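Everything on this sheet refers to the single structure shown next.
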Amino acid sequence: MLNVGIIGYGGRVSSMAKALGMFGIPYRVAAITDPRAAEIQAANDPFLEDTIYYDSAEAMLAAGGLDGVMIGTRCHLHTDMACLVAQYKLPLFLEKPVATTFDQIKRLDAAFRNYPAPTVVSFPLRLTVHIQTIKEMIEAGTIGQIEQVVAFNDVPYGDVYFYHWYRNYELMGGLFLQKATHDLDYITYVMGQKPKQLCAMKALLVYGGDKPHDLRCVDCDEFETCSESPFNLFYERFQGMQVNMQSERMCVFSKEIRNEDISSVIIEYEDGAQVSYTQNVFARNAAGQRGARFYGYEGTIFFDWYENVIKVFKHRTPAVDTITFTGEMPHFGGDRELCLDFLHAMRDGTPSRSPIEAGVLSALTCLWARESAETRCYCDVVMPS
């Protein structure tokens with residue numbers, strides 16, 4: 045029986061902890077530390093019937109008896125909690141982003157250099173069947189060497205970064221770290237080389253405004269006219285069976301919102317290949333898309349997770365090969381791969397396919413993208429001194 049400890053039992057990590065059970069490998073959540081401990085206990089979830097609750101991460105780790113630790117705190121605490129776990133050399137499952145500041149990324153990199161236990165960073169996209177298939181194609185020379193990548197992420201649920209706790213920039217660090225960290229990771233993984241230099245832009249053009257930061261939609265005078273209110277999410281967008289009058293949704297037009305709603309980055313990789321990535325968080329409904337085009341001299345590979353398709357456009361012959369995937373799974377199937385890797389890490393000591401080094405490189409790239417967007421300067425992707 046594997047004993048798992050959890051630091052920060054939030055929605056994402058709790059769902060992943062439960063998903064570990066899909067493979068039939070015996071485990072239990074032996075320990076939790078969370079400021080909401082009383083609330084979690086009061087829910088009487090049978091899944092946590094053997095769980096011991098601790099007042100602090102330090103106390104939980106010092107108690108011992110754990111085979112691995114999962115960290116699912118708010119983003120700004122990921123680094124601090126991971127560095128605590130590093131002292132115990134335990135297998136670690138760490139939510140992204142692994143860091144939200146340059147100071148944090150330096151500390152995290154130092155803490156996990158030559159780390160003896162396996163680590164799993166929550167990067168499900170690199171482990172999806174789509175990316176695994178594309179990586180196999182590229183390594184087989186299907187389109188030749190990658191010379192250019194054009195990637196896109198139009199997020200149909202992007203309002204969550206403006207009405208939920210994510211709206212607090214100090215807690216999550218902006219949308220490069222929140223969204224682009226996934227996409228830049230899978231691109232770097234497929235490329236098989238490191239980013240060298242980048243430039244970026246970001247803007248807040250749709251959300252934000254002049255409303256009070258603590259204004260809830262249900263308390264607003266514009267409840268029936270605002271397109272972002274629970275009233276019109278139901279009436280205009282056909283979400284749910286009735287207006288949610290118990291909604292805790294906060295105003296997305298708050299004057300204190302700092303998260304960008306559009307952003308782009310252009311990256312030069314070690315061999316000179318260029319990558320462009322653009323994200324938009326106010327596209328809605330069927331406008332949602334997430335994928336990329338990989339360009340080589342011999343062909344072009346296109347894929348989109350929302351369409352569940354890969355297309356290979358051959359350059360030497362007028363032909364297109366199409367692969368269509370069926371079935372729907374969380375994070376397009378990547379979550380179950382993360383679960384299996386973490387189980388094997390705890391039980392067998394097997395290295396994972398999304399190690400801490402990948403998390404550090406992706407966060408570092410995103411931090412420099414944020415820096416470039418704020419300074420309007422080119423930035424080298426290096427660990428700051």
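The sequence shown begins at 45 in this note's numbering and counts up by one. Every residue, glycine too, gets a C-beta built ideally from N, C-alpha and C. Since the structure is predicted, the reported quantities are computational estimates derived from the model, not experimental observations.
Check your understanding: Between LYS223 and the rest of its own chain, which residues show a CB-CB distance below 7 Å, the 5 nearest in sequence each way excluded?
Key -> On the sequence shown, position 179 is the one that residue 223 refers to. Only ASN197, VAL199 and GLN323 meet the Cβ criterion.
Review point. Got a sec? Which residues, its chain only, sit under 6 Å from GLY332 by beta carbon, not counting five neighbours each side?
Key: As a position in the sequence shown, residue 332 is number 288, starting the count at 1. Cβ neighbours of GLY332 beyond the five flanking positions: ASP198, PRO200 and TYR350.
Check your understanding: Applying the criterion that 16 or more other CB atoms from any shown protein chain within 10 Å of the CB defines a buried residue, is GLN148 buried or exposed?
Key -> For the purposes of this step, residue 148 is identified with residue 104 of the sequence shown, where counting begins at 1. Burial call: buried.
**Study point:** Top-ranked residue by Cα proximity to ILE231, from PHE167, LEU105, PHE297 and GLY185
**Key:** Here the question's residue 231 lines up with position 187 in the sequence shown. Per the Cα distances, PHE167.
Check your understanding: When the Cα atoms are used, what is the spatial distance from GLN237 to ALA143?
Key -> As a working note, residue 237 is residue 193 in the sequence shown. As a working note, residue 143 is residue 99 in the sequence shown. Rounded to whole angstroms, GLN237 to ALA143 spans 21 Å at the Cα level.
Check your understanding: Since GLY218 contacts TYR341 with CB under 8 Å, what's their CB separation in whole angstroms?
Key -> In the sequence shown, the residue the question calls residue 218 occupies position 174. In the sequence shown, the residue the question calls residue 341 occupies position 297. Not a contact, Cβ separation roughly 36 Å.
Point to revise | 3-residue-minimum beta strand (DSSP E) runs that sit fully inside the region 73 to 153, ordered along the chain | key: 96 to 98, 112 to 115 and 136 to 138
Practice item. Provide the residue span of the alpha helix (DSSP H) that contains MET235, from first to last. Key: Within the sequence shown, the letter at position 191 stands for residue 235. Looking at the DSSP string, the run of the alpha helix (DSSP H) that includes MET235 is 225 to 235.
Practice item. Rank MET235, GLU180, GLY253 and CYS295 by C-alpha distance to the C-alpha of TYR207 and give the top, closest one. Key: Indexing the sequence shown from 1 puts residue 207 at position 163. Closest option to TYR207, Cα to Cα, is CYS295.
**Study point:** Boundaries of the beta strand (DSSP E) in which CYS383 is found, first to last residue
**Key:** Residue 383 sits at position 339 when you count from the first residue of the sequence shown. No beta strand (DSSP E) holds CYS383; the alpha helix (DSSP H) holding it covers 378 to 392.
Point to revise | Nearest-angstrom Cα separation, counted from PHE357 out to LEU128 | key: Residue 128 sits at position 84 when you count from the first residue of the sequence shown. Residue 357 sits at position 313 when you count from the first residue of the sequence shown. Distance between the alpha carbons of LEU128 and PHE357: 48 Å.
Check your understanding: Between the C-alpha atoms of CYS421 and ILE96, what's the straight-line distance to the nearest angstrom?
Key -> If you number the sequence shown from 1, residue 421 lands on position 377. If you number the sequence shown from 1, residue 96 lands on position 52. Cα to Cα, the separation comes out at about 50 Å.
Point to revise | Whole runs of the beta strand (DSSP E) within the region 151 to 234, excluding any shorter than 3 residues | key: 163 to 165 and 190 to 198
Practice item. Identify whether GLY54 lies in helix, strand or coil by the three-state DSSP scheme. Key: For this step, residue 54 is matched to residue 10 along the sequence shown. Coil.
Practice item. Please determine if the region 295 to 309 and the region 275 to 284 are in contact, where contact requires at least 3 C-beta pairs separated by less than 8 Å. Key: no
Point to revise | DSSP three-state assignment for PHE267, whether helix, strand or coil | key: By one-based count along the sequence shown, residue 267 stands at place 223. It is coil, neither helix nor strand.
Point to revise | Cβ-Cβ separation, ALA389 to SER396 (assumed contact under 8 Å), whole Å | key: As a working note, residue 396 is residue 352 in the sequence shown. As a working note, residue 389 is residue 345 in the sequence shown. Right, the Cβ-Cβ distance comes to about 6 Å (below 8 Å), so this counts as a contact.
Point to revise | From ALA107, ILE190 and GLY55, residue whose alpha carbon lies closest to that of GLY343 | key: Position 299 of the sequence shown, counting from 1, holds the residue named residue 343. Of ALA107, ILE190 and GLY55, the residue nearest in Cα terms is ILE190.
Check your understanding: Leaving out the 5 sequence neighbours to the left and right, which residues in its chain are closer than 6 Å to PRO135 when beta-carbon positions are compared?
Key -> Position 91 of the sequence shown, counted from the first residue, corresponds to residue 135. The residues are GLY112, ALA161, PRO162, ALA389 and MET390.
Check your understanding: What runs of the beta strand (DSSP E), each 3 residues or longer, lie entirely inside the region 281 to 318?
Key -> 306 to 313
Exercise for review: State the DSSP-derived secondary structure class of PHE67, mapped to helix, strand or coil.
Suggested key: Within the sequence shown, the letter at position 23 stands for residue 67. Note: PHE67 maps to helix in three-state DSSP.
Point to revise | For TYR53 and ASP78, believed in contact at Cβ under 8 Å, the rounded distance | key: The count along the sequence shown starts at 1 and reaches residue 78 at position 34. The count along the sequence shown starts at 1 and reaches residue 53 at position 9. ASP78 to TYR53, Cβ: 5 Å. Contact.
Check your understanding: Using 8 Å as the Cβ pair cut-off and three pairs as the minimum, do the region 364 to 381 and the region 168 to 177 touch?
Key -> yes
**Study point:** Proximity below 8 Å, CB of PHE146 to CB of LEU411
**Key:** Start at 1 with the first residue of the sequence shown, and residue 146 comes out as number 102. Start at 1 with the first residue of the sequence shown, and residue 411 comes out as number 367. The answer is yes: Cβ separation under 8 Å.
Exercise for review: Using 10 angstroms around the beta-carbon of ASP258, count the other beta-carbons present and answer buried if the total reaches 16, otherwise exposed.
Suggested key: Here the question's residue 258 lines up with position 214 in the sequence shown. So ASP258 counts as exposed.
Review point. Between GLN85 and ASP99, what straight-line distance do the alpha-carbon atoms span, to the nearest angstrom?
Key: Residue 85 sits at position 41 when you count from the first residue of the sequence shown. Residue 99 sits at position 55 when you count from the first residue of the sequence shown. Cα to Cα, GLN85 sits roughly 13 Å from ASP99.
Review point. Who are the near neighbours of ARG360 in its chain, counting only those whose CB is closer than 7 Å to its CB and skipping five residues on each side?
Key: Locating residue 360 in the sequence shown gives position 316, where the first residue counts as 1. Excluding positions up to five away in sequence, the list reads GLU342.
Exercise for review: Kindly give me the distance between the Cβ atoms of CYS119 and LEU215, rounded to whole angstroms, as I take these residues to be in contact under 8 Å.
Suggested key: Here residue 119 refers to the residue found at position 75 when the sequence shown is read from its first residue. Here residue 215 refers to the residue found at position 171 when the sequence shown is read from its first residue. That pair is a contact at about 6 Å.
Point to revise | Cα-Cα separation between ARG281 and VAL57, rounded to whole angstroms | key: Taking the first residue of the sequence shown as position 1, residue 281 is located at position 237. Taking the first residue of the sequence shown as position 1, residue 57 is located at position 13. Spanning the two alpha carbons is a distance of roughly 30 Å.
Point to revise | Same chain, Cβ closer than 8 Å to ASN329, neighbours up to 5 away in sequence not counted | key: Along the sequence shown, one-based indexing puts residue 329 at 285. Only PRO200 and ARG281 meet the Cβ criterion.
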